[in-house]
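Asks: Got a structure here, written out as structure tokens. Questions coming.
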Amino acid sequence: MSTKATVEKLVSLCKRRGFVFQSSEIYGGIGGFWDYGPLGVELKNNIKQAWWKAVVQERDDVVGQDAAIVMNPTVWRASGHLDTFADPMVDCKECKKRFRADELAGAVPASAHGHEAEAAKVTRCPECGGELTEPRMFNLMFRTYVGPVEDDASTAYLRPETAQGIFVNFANILTTTRKKLPLGIAQIGKAFRNEITPGNFIFRDREFEQMEIEYFVKPGTDEQWHQHWVEERYNWYLGLGMRKENVRVRQLDSEELAHYAKDTYEIEYLFPMGWSELEGIANRTDFDLRRHAEFSGRELEYFDEESGEHIVPYVIEPSAGVDRLLMAFLMDAYDEEEVRGETRVILRLHKDLAPIKVAVLPLSRNEKLVPPAREVWATVRKQWMSQYDDAQSIGRRYRRQDEVGTPLCVTIDFDTLEDKAVTIRERDSMEQVRVPIAGLVDALRERL
Ligand code: ATP
Numbered sequence: 004m005s006t007k008a009t010v011e012k013l014v015s016l017c018k019r020r021g022f023v024f025q026s027s028e029i030y031g032g033i034g035g036f037w038d039y040g041p042l043g044v045e046l047k048n049n050i051k052q053a054w055w056k057a058v059v060q061e062r063d064d065v066v067g068q069d070a071a072i073v074m075n076p077t078v079w080r081a082s083g084h085l086d087t088f089a090d091p092m093v094d095c096k097e098c099k100k101r102f103r104a105d106e107l108a109g110a111v112p113a114s115a116h117g118h119e120a121e122a123a124k125v126t127r128c129p130e131c132g133g134e135l136t137e138p139r140m141f142n143l144m145f146r147t148y149v150g151p152v153e154d155d156a157s158t159a160y161l162r163p164e165t166a167q168g169i170f171v172n173f174a175n176i177l178t179t180t181r182k183k184l185p186l187g188i189a190q191i192g193k194a195f196r197n198e199i200t201p202g203n204f205i206f207r208d209r210e211f212e213q214m215e216i217e218y219f220v221k222p223g224t225d226e227q228w229h230q231h232w233v234e235e236r237y238n239w240y241l242g243l244g245m246r247k248e249n250v251r252v253r254q255l256d257s258e259e260l261a262h263y264a265k266d267t268y269e270i271e272y273l274f275p276m277g278w279s280e281l282e283g284i285a286n287r288t289d290f291d292l293r294r295h296a297e298f299s300g301r302e303l304e305y306f307d308e309e310s311g312e313h314i315v316p317y318v319i320e321p322s323a324g325v326d327r328l329l330m331a332f333l334m335d336a337y338d339e340e341e342v343r344g345e346t347r348v349i350l351r352l353h354k355d356l357a358p359i360k361v362a363v364l365p366l367s368r369n370e371k372l373v374p375p376a377r378e379v380w381a382t383v384r385k386q387w388m389s390q391y392d393d394a395q396s397i398g399r400r401y402r403r404q405d406e407v408g409t410p411l412c413v414t415i416d417f418d419t420l421e422d423k424a425v426t427i428r429e430r431d432s433m434e435q436v437r438v439p440i441a442g443l444v445d446a447l448r449e450r451l
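Residues in the sequence shown are numbered from 4 upward in steps of one, following our numbering.
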């Protein structure tokens, strides 16, 4: 994180410039739900694309899928979510505020989820000192009904993770792709958790997006593949420009492990509220496939030609949250510097993540400049997400683009009319170079 970034500054920038809005804001909002505006949706798509490219497109051992959000409810019995996906909740008898008992106890970091953490006893409200109720376990899954009748038989759940949609398709994908182990299945999609205390902007939401891989391996090779994925995923963050001092890998203690995990690493980011999880990389063993085989009655096995045996693969699961990553990338990119007595706010986003790659700016709205500027924009927009802006002074427009992380601006001025050349201005260095319009696309491509 830049030393200048605070959650307040980020929230304000996100709202002012159209990255993130509170959901249904005109009605007072709704806790834990957020909307992404024109720039936010571009940034989010770029994060997802960078992930997909790294884990699916560039590998020959991972394929993609996209499962439905609502699944047969037995899935959640088999996965253990119906029985154990719960947090301890307490209420203040005086001020009626609601808390997660494990967070109050400080048993786990404020940013951690800790379904497994035992609720240590705190009996007084941290806000008003009032008496707290006994902790009650609260299941985090959102419930709904499928079909016109609302009864137990029609109850279904919004998925709290995308992972289970992969496990239940394991056999389908193995048969249709005819791939050998190790085989990964990747998915990006919405997940829903009725969090007791959503907060820290988009860090903990009730509706969010996950990017998950279930990587199926032969038992006995699981530890080695686990290390592989921890390295791959850590390097992915650094490759997208995250500052090394703000990202770390932490191995969980045995008491922090989920019931299905043999070993788990977290990739954590140094947020203003402290080191917090961006991504979990768990060794889930054969827990999920065995449970689904048991509950469905189907064989979820792999025939290993080498040994001539049927085996139940082990699974390494790298699981990241898009919204959380988006917040971390923004915090990390945020910077302020003094330029000629003014504060310049810059998002030093990696070029692959920047929502707008190129801004096309005529020096003024002079009628002679508009046609060539529009022509330049028509060429540029076919290649990259770009913006045309002719409002206010050129200095102001540069600042506006800096503030949303646009790596390059192209300026059309009166000399353009004579020399058929334009100026490319670079965001971080503010350096300017003159290039002929005929070579503009190549010059931009070289820099992007
Ligand atoms: P946490 O401890 O932070 O609640 P978790 O350990 O329950 O997370 P996982 O179930 O491992 O989270 O989910 C994988 C990833 O999904 C997390 O690393 C995080 O990036 C993201 N994620 C989980 N819950 C939320 C949430 N409520 N809001 C936003 N992202 C989330």
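Quick reminder that beta carbons are idealized off the backbone N, C-alpha and C, glycines included.
Could you tell me which of Asn172, Tyr148, Asn203, Tyr401 sits nearest to glutamate 11, measuring between CA atoms?
Replies: That would be Asn203, whose Cα lies nearest to the Cα of glutamate 11.
Asks: Leaving out the 5 sequence neighbours to the left and right, which residues in its chain are closer than 6 Å to threonine 87 when beta-carbon positions are compared?
Replies: Around threonine 87: no qualifying Cβ.
Asks: Report yes if the C-beta distance between glycine 344 and proline 201 is below 8 Å; otherwise report no.
Replies: Result no, Cβ atoms of glycine 344 and proline 201 do not sit closer than 8 Å.
Asks: Take the Cβ of isoleucine 29 as the centre, count every other Cβ of all protein chains shown within 10 Å, and call the residue buried at 16 or more, exposed below.
Replies: By the 10 Å Cβ count, isoleucine 29 comes out exposed.
Asks: Using 7 Å as the cut-off, classify the Cβ of serine 26 as near or not near the heavy atoms of the ligand ATP, replying yes or no.
Replies: No - the ligand ATP has no heavy atom lying nearer than 7 Å to the Cβ of serine 26.
Asks: Just to confirm, does leucine 2 get its C-beta within under 7 Å of one of the non-hydrogen atoms of the ligand ATP?
Replies: Nothing can be reported for residue 2, as the shown portion of the chain is limited to 4 through 451.
Asks: Return the chain-ordered list of same chain residues with a C-beta closer than 6 Å to the C-beta of glutamate 406, the five sequence neighbours on each side being excluded.
Replies: Counting only Cβ-Cβ distances below 6 Å, and skipping sequence neighbours, we find Val348.
Asks: Flag serine 15 as yes when its Cβ comes closer than 7 Å to any non-hydrogen atom of the ligand ATP, and as no otherwise.
Replies: Not so, every heavy atom of the ligand ATP lies at least 7 Å from the Cβ.
Asks: Taking the alpha-carbon of lysine 51 as reference, which of Ser299, Gly192, Ala441, Phe417 has the nearest alpha-carbon?
Replies: When each option's Cα is compared against that of lysine 51, the closest is Gly192.
Asks: Can you have a look at glutamate 248 and say buried or exposed, based on whether 16 or more other CB atoms are within 10 angstroms of its CB?
Replies: By the 10 Å Cβ count, glutamate 248 comes out exposed.
Asks: Can you determine whether any heavy atom of the ligand ATP sits closer than 7 Å to the C-beta of glutamine 213, and answer yes or no?
Replies: Under cutoff, so the answer is yes.
Asks: So the candidates are Val444, Ile176, Gly408; which of them puts its Cα closest to the Cα of leucine 16?
Replies: Checking every option, the nearest Cα to that of leucine 16 belongs to Gly408.
Asks: Which residues does DSSP list as the beta-bridge partners of threonine 179?
Replies: None; threonine 179 has no bridge partner.
Asks: Is the distance from the Cβ of tyrosine 305 to the Cβ of isoleucine 284 below 8 Å?
Replies: In this structure, isoleucine 284 does not lie closer than 8 Å to tyrosine 305 by Cβ.
Asks: In angstroms, rounded to a whole number, what distance separates the CA positions of glutamate 97 and arginine 399?
Replies: If you take the alpha carbons of glutamate 97 and arginine 399, they lie about 51 Å apart.
Asks: Tell me the rounded alpha-carbon separation between methionine 330 and glycine 43.
Replies: Between methionine 330 and glycine 43, the C-alpha separation is close to 10 Å.
Asks: If I measure Cβ to Cβ from aspartate 338 and keep anything under 7 Å in the same chain, skipping five residues before and after, which residues do I get?
Replies: For aspartate 338, where only same-chain residues beyond five positions count, the Cβ hits under 7 Å are Ser5, Lys7, Ile349, Arg351.
Asks: Flag this pair as yes or no: are the beta carbons of alanine 264 and arginine 287 separated by less than 8 Å?
Replies: Contact: yes.
Asks: Which class does proline 321 belong to by DSSP, given the choice of helix, strand or coil?
Replies: DSSP places proline 321 in strand when its eight states are reduced to three.
Asks: Spatial neighbours of methionine 92 within its chain, please: C-beta separation below 8 Å, excluding the five flanking residues on both sides.
Replies: So the qualifying residues of the chain are Arg101, Phe102, Arg103, Ala104, Pro138, Arg139, Met140, Phe141, Ile199.
Asks: Quick check: what's the CA-CA separation for valine 373 versus glutamine 68?
Replies: Distance between the alpha carbons of valine 373 and glutamine 68: 46 Å.
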